[in-house]
Amino acid sequence: DRYAAEFAGSKQRFETAKGVFPTGVTHDARMMDPFPVYVARAKGAHKWDVDGHELVDYFVGHGSHLLGHCPDDVVLAVQEQMNRGTHPGACHEAEIEWGQLVRKLIPSAERVRFTGSGTEATMMALRLSRLYTGRGKFLKFQGHFHGWHDYVTVSADYPYDTASVPGVPADVAAHCVAVPPNDLNRVEAALKADSDIGAVILEPTGGHWGAVPIRGEFLKGLRELCTRHDRLLIFDEVITGFRVSPGGAQAFYGVTPDLTAMAKILAGGLPGGCVGGRADVLAFIEPRPGKPKMKHPGTYNANPLSAAAGVATLTRVATGEPCDRANRAAARLRNKLNELFAARDWSWVAYGDFSMVRVASGYRGERPGTAAGVNDGFVPFGGDVNALDGPKNMKQYYALRQAMLLHGVDWWGFAGMTSAEHTDAVIDHTVTAFEASLEALAAEGLA
Ligand code: PMP
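Numbered according to the UniProt record's numbering, the sequence shown spans residues 11 to 457.
And the structure:
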């Protein structure tokens, strides 16, 4: 078919990769039926595959590239650090500057500890919460993703209510209580019913960065409940940190969690994460008389290359301009897609907040108006996680990705994120690609 012919170089690489990796890919979300695209290089809002196609990118490094791919200042900072050494196995100055930038930008970050990834950051936040509260369990929300360690894999993906997670011991999974998002009564009932719940963790704009969006009122309500019932509130700002605003969702909504997990933009496209939070909670990393000390080694904690990229990136984030530009690009995309869907009478809706865009099919309700801003308050399907057919409909997901690739856009199936380099022209090209792609899907009965 046309995809196999046009992306023949990728097809050939995938054949080889299948003999090396289970499934042929190295991250579940990079899977693509019949084969994924192999990328040779990237710059700004674009990437180029091994067959030479120029593709508009909506993966943006799984969310790490707020500044677009390969910003000159970040590349230079990493190259300079490279020449000074990739890993002294010692304390170094850049880690201090990096940590100070996090403290300056993120309201909850009285103290900071760097980790190797976002997964490690949520694992650390939960362990700290156990030490601080003396309670072993935590509460999360159905469909919220916090990385792949044992505790948080429960109820992260469809079907959200599962209690059995392959490979996770049942007694570990039992430490997680999962409730539907946006229902404060359910949260309060769970906290009252189980005094062993020590923390509440969530993605502050909604699971998988907003499949079911969360509103600021809910965050305020959670803050109030956690304070009243004496539990810790943990924001997982691995995606939203430095993206929705320089100070993350917590600065935008004015709700300060006790602990915050960060990664991605934090390290400017290189590996790295951190926990920022209350000094008296992070104090459990310090040896103190009469208090337990949480062990925390980690070869790549505050790696100097990541620190150099992080400092260069956060210095620019601090101006506010990258977030504004990315937010405006995404708002333009949402608005233009909804205009298109309405004009063609297609049962699709585009929604999302800030620089995050989602699309869903099977939608016949009101769409957010074209006047909608970066944070329009729109929650589709009555906020029911199970009403979203996206996660269930992989055939449509792959068909849309494939059609978009054939029109020069690497669109993340039912979602995408913008960077500060997604110009009006890039967005308008994307809308044209969407129109052609949905026509192709309709012809196959998949729209
Ligand atoms: N939390 C959230 C909200 C994420 O989106 C991710 C990664 N997509 C993680 C945690 C895990 O981060 P990492 O992939 O760096 O382990």
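Glycine included, C-beta positions come from ideal geometry on N, C-alpha and C.
Take residue i and list the residues in its own chain whose beta-carbon comes closer than 7 Å to its own, dropping the five residues that flank it on each side.
i, result
"residue 413", "447, 450 and 451"
"residue 172", "165"
"residue 424", "368, 369, 370, 400 and 407"
"residue 42", "408 and 411"
"residue 397", "391"
"residue 158", "129"
"residue 40", "46"
"residue 356", "448 and 457"
"residue 387", "225"
For residue i, which residues from the same chain have a beta carbon less than 8 Å from its beta carbon, with the 5 sequence-adjacent residues on both sides left out?
i, result
"residue 96", "313, 314 and 315"
"residue 328", "111, 114, 115 and 256"
"residue 326", "77, 81, 83 and 332"
"residue 179", "160"
Would you decide whether residue i is buried or exposed? Buried here means 16 or more other CB atoms lie within 10 Å of its CB.
i, result
"residue 100", "exposed"
"residue 114", "exposed"
"residue 256", "buried"
"residue 444", "buried"
"residue 143", "buried"
"residue 110", "exposed"
"residue 275", "buried"
"residue 331", "exposed"
"residue 79", "buried"
"residue 177", "exposed"
"residue 195", "exposed"
"residue 435", "exposed"
"residue 92", "exposed"
"residue 246", "buried"
"residue 260", "buried"
"residue 404", "exposed"
"residue 14", "exposed"
"residue 132", "buried"
"residue 102", "buried"
"residue 174", "exposed"
"residue 378", "buried"
"residue 156", "buried"
"residue 46", "buried"
"residue 211", "buried"
"residue 63", "buried"
"residue 203", "exposed"
"residue 52", "buried"
"residue 277", "buried"
"residue 303", "exposed"
"residue 335", "buried"
For residue i, which residues of its own chain have a beta-carbon under 6 Å away from its beta-carbon, when the five flanking residues on both sides are left out?
i, result
"residue 254", "262 and 364"
"residue 421", "68 and 414"
"residue 516", "Residue numbering for the chain in the displayed model covers 11 to 457; residue 516 lies beyond these limits and cannot be assessed."
"residue 152", "165, 170, 188, 190 and 395"
"residue 25", "none"
"residue 393", "192 and 222"
"residue 460", "For the chain, the structure presents residues 11 to 457; residue 460 sits outside this window and is missing."
"residue 437", "339, 342 and 343"
"residue 27", "34"
"residue 384", "337, 341 and 364"
"residue 105", "312 and 317"
With 8 Å as the threshold, decide whether the Cβ of residue i is near any Cβ in chain D.
i, result
"residue 59", "The chain inventory of the structure shown lacks chain D, comprising one protein chain alone."
Is residue i near the ligand NAD, with its Cβ less than 7 Å from a heavy atom?
i, result
"residue 229", "Of the ligands one can find in the structure shown, namely the ligand PMP, none is the ligand NAD."
Check each residue's C-beta against every heavy atom of the ligand PMP and list, in chain order, those closer than 6 Å.
72, 127, 128, 129, 132, 155, 156, 157, 213, 246, 248, 249, 273 and 283
Do three or more CB pairs link the segment 221-239 to the segment 160-177 at distances below 8 Å?
No, the segment 221-239 does not touch the segment 160-177.
Please confirm if the segment 272-288 is in contact with the segment 121-134, defined as three or more CB-CB distances below 8 Å between the two stretches.
yes
Any contact between the segment 24-35 and the segment 232-250? By contact I mean 3 or more CB pairs, one from each, below 8 Å.
no
With three or more beta-carbon pairs closer than 8 Å as the criterion, would you say the segment 60-75 touches the segment 424-435?
yes
Using 8 Å as the Cβ pair cut-off and three pairs as the minimum, do the segment 357-373 and the segment 208-225 touch?
The segment 357-373 makes contact with the segment 208-225; the number of CB pairs closer than 8 Å reaches 3 or more.
Does the segment 84-98 come within contact of the segment 54-64, defined as at least 3 CB pairs closer than 8 Å?
no
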